[in-house]
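There are 4 protein chains.
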Amino acid sequence: MESEAHRFQVQVYYEDTDHSGVVYHANYLKYFERAREAVIGPAELVRLWKEAGLGFAVYRAEVGYQDGAEFGETLEIRSRVRKDSDYRLVWHQEAWRPGGRKPAVKAEIHLVCIDRHKNLRPIPPTAAAG
Amino acid sequence: MESEAHRFQVQVYYEDTDHSGVVYHANYLKYFERAREAVIGPAELVRLWKEAGLGFAVYRAEVGYQDGAEFGETLEIRSRVRKDSDYRLVWHQEAWRPGGRKPAVKAEIHLVCIDRHKNLRPIPPTAAAG
Amino acid sequence: MESEAHRFQVQVYYEDTDHSGVVYHANYLKYFERAREAVIGPAELVRLWKEAGLGFAVYRAEVGYQDGAEFGETLEIRSRVRKDSDYRLVWHQEAWRPGGRKPAVKAEIHLVCIDRHKNLRPIPPTAAAG
Amino acid sequence: MESEAHRFQVQVYYEDTDHSGVVYHANYLKYFERAREAVIGPAELVRLWKEAGLGFAVYRAEVGYQDGAEFGETLEIRSRVRKDSDYRLVWHQEAWRPGGRKPAVKAEIHLVCIDRHKNLRPIPPTAAAG
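Chains as they are written, first to last, in my numbering: chain Y, 1 to 130; chain C, 1001 to 1130; chain R, 2001 to 2130; chain E, 3001 to 3130.
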């Protein structure tokens, strides 16, 4: 079962755009990750990393681009998560421009949990609460 | 029909990695784009942009991550392209670590051509030569 | 005369760090710019760009690094600005780690205003209010 | 005594530019670091990191921006280094646009060597050879 949608604001800065005038395509993956970190919580992510040696890695990303966000806009990232198995979180995430009637960018992101030796580990309960 | 595989080298610098010790996942999209630009040719891309107001936009990206590249490695990006329609190029791209037996990262990237007003335009012949 | 210090929060994400475990040195320039944009206001920056064709360019940057911020931290960026002449803004900016007793990074950043043809233009009054 | 100038090519990609049409100012710090890594050698940097736990950190950066590089250009990074003390390398680095008559960007970058606990360590001889 998927979680409620979490909402997260992202400001588009000079650094995010490219010379074509819109946000560089790879940067939406950064936005989506910032939003995921906000859902799980930076303190919990730091704790998992320092105490248990656990981190998250993107295993699969499918991204559809419909519209390009521009400098100065505040985007809303909407994120839903479900635990697909003991070893995989599936996130559905969207980036909305101000006043947009549909998402500018949509993504499905699969996350796994790995230890310091890059071995797969079960998803920690705190990360799946969504 | 898909083109022959083009090969392109990418060096992994400090800037590319994150604190988990491997290349940050969004950066492979940058590597794949550098490789596409090398195939089409920077001079031709500049000419299309300045003379015809044409640029390329990623419309869809599917990326599978199998292994994480590390600081100091030279990756090989292998790229194949086919023209899917007058309006879409489909690229299959892989990132190989040194001595790797399978690709560390695989992607399918769909490109469209747009003018300065973000209107779809036919793919220029020089960009589809692959 | 220099303005009061403006305070701006920055969250350190995976994307900001490198494999050495701390924030990649170039990224503090991004943080400082985000803070400057917050002082001037994104809406005003967009207006200057779209209506008057005016943007800002960094002309000089002096950055001193004392300590490295880590993943998961919330940094405070403290920014002061003074108008050095009709053509130059000088910013003093600092990045503070949580609980820090001195700034982790300090910078002096000189900004000029340029039009679309890269010609120098006087600093707009709205940008110098600080 | 300063070394001979090392020359290193950098290609300007979409990812490097911002919506003002030129290379984003922080990215020159990335270019300069790539050039420094090429001088020292990636293999030696990896060896120092893995075997001795040693890395390099930027302690001070002074950057002057005179001209903005554009998409599609190949820049030449010219780098000179001298060992200022047992604990500090000072690099003078410049970014030249194609056909430029003076550097587009000039920088003085001070590097220190640190171990995994962020303690200062003497500059390894292999890093000072320049």
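The C-beta atom is built at its ideal place from N, Cα and C for all residues, glycine as well.
Since the structure is predicted, the reported quantities are computational estimates derived from the model, not experimental observations.
Entirely within the region 1035 to 1095 of chain C and at least 3 residues each: give me those beta strand (DSSP E) ranges in chain order. 1055 to 1065 and 1074 to 1085
On the three-state DSSP scale, how would you describe residue 2002 of chain R? coil
Using a C-beta to C-beta distance shorter than 9 Å, which residues of chain Y count as neighbours of residue 3014 of chain E? 18, 19, 20, 24 and 25
For the candidate residues C:1008, C:1096, C:1052 and C:1060, whose alpha-carbon lies nearest to that of residue 1114 of chain C? C:1052
Based on Cα-Cα distance, which residue from E:3069, E:3012 and E:3123 lies nearest to residue 3100 of chain E? E:3069
Would you check if the distance between the CB atom of residue 1087 of chain C and the CB atom of residue 1120 of chain C is smaller than 8 Å? yes
Less than 8 Å between the C-beta atoms of residue 1019 of chain C and residue 2074 of chain R, yes or no? no
Are any of the Cβ atoms in chain C nearer than 8 Å to that of residue 2071 of chain R? yes
Three-state secondary structure (DSSP) at residue 2118 of chain R? coil
Continuous alpha helix (DSSP H) stretch holding residue 126 of chain Y: start and end: 125 to 128
Measure the C-alpha to C-alpha separation of residue 1060 of chain C and residue 3117 of chain E and round it to an integer number of angstroms. 43 Å
Roughly how many angstroms lie between the CA atoms of residue 3078 of chain E and residue 1082 of chain C, to the nearest whole one? 39 Å
Counting only beta-carbon separations shorter than 8 Å, does residue 1042 of chain C have a partner in chain E? yes
Residues sharing a beta bridge with residue 3110 of chain E, DSSP: E:3060 and E:3090
Leaving out five residues before and five after residue 2021 of chain R in sequence, what residues of the same chain have Cβ atoms less than 7 Å from its Cβ? 2070
Measuring only between beta-carbons, confirm whether residue 3011 of chain E sits less than 8 Å from chain C. yes
So residue 3058 of chain E and residue 2025 of chain R are in contact, right, with Cβ under 8 Å, and what is the actual spacing, rounded? 4 Å
Suppose you measure from the CA of residue 2960 of chain E to the CA of residue 3080 of chain E; what does that come to, to the nearest Å? Examination of residue 2960 of chain E is not possible in this model, given that chain E is present from 3001 through 3130 alone.
Let me confirm a value: residue 93 of chain Y is counted as buried when at least 16 other C-beta atoms fall within 10 Å, else exposed. Which label applies? buried
CB contact flag (residue 1045 of chain C, residue 3072 of chain E, <8 Å): yes
CB of residue 3138 of chain E within 8 Å of CB of residue 3109 of chain E, strictly: As displayed, chain E neither begins before 3001 nor continues past 3130, which places residue 3138 of chain E out of reach and without an answer.
Give me the Cα-Cα distance between residue 3062 of chain E and residue 1010 of chain C, rounded to the nearest whole angstrom. 28 Å
Give a yes or no on whether the minimum CB-CB distance between residue 3045 of chain E and chain C is below 8 Å. yes
Please determine, among E:3036, E:3028, E:3126 and E:3122, the residue with the shortest C-alpha to C-alpha distance to residue 3097 of chain E. E:3028
I want to see whether chain C comes within less than 8 Å of residue 3030 of chain E, judged by CB atoms only; does it? yes
Neighbourhood of residue 3036 of chain E by C-beta distance below 7 Å, restricted to the same chain and skipping five residues each side: 3079 and 3091
Contacts around residue 126 of chain Y, its chain only, beta-carbon distance under 6 Å, and the 5 residues preceding and following it disregarded: 44
Below 9 Å on C-beta distance, what does residue 33 of chain Y contact in chain R? 2013, 2014 and 2015
In the DSSP output, which residue or residues are listed as bridge partners for residue 2022 of chain R? R:2070
Judging by CA-CA distance, which residue of Y:49, Y:14, Y:30 and Y:66 is the nearest neighbour of residue 1111 of chain C? Y:66
Going by alpha carbons, who is nearest to residue 2008 of chain R out of R:2107, R:2095, R:2047 and R:2049? R:2095
Distance CB(residue 2122 of chain R)-CB(residue 2048 of chain R) smaller than 8 Å: no
Residue from R:2023, R:2003, R:2103 and R:2128 with nearest C-alpha to residue 2064 of chain R: R:2103
Sheet register partners of residue 3007 of chain E (DSSP bridge): E:3078
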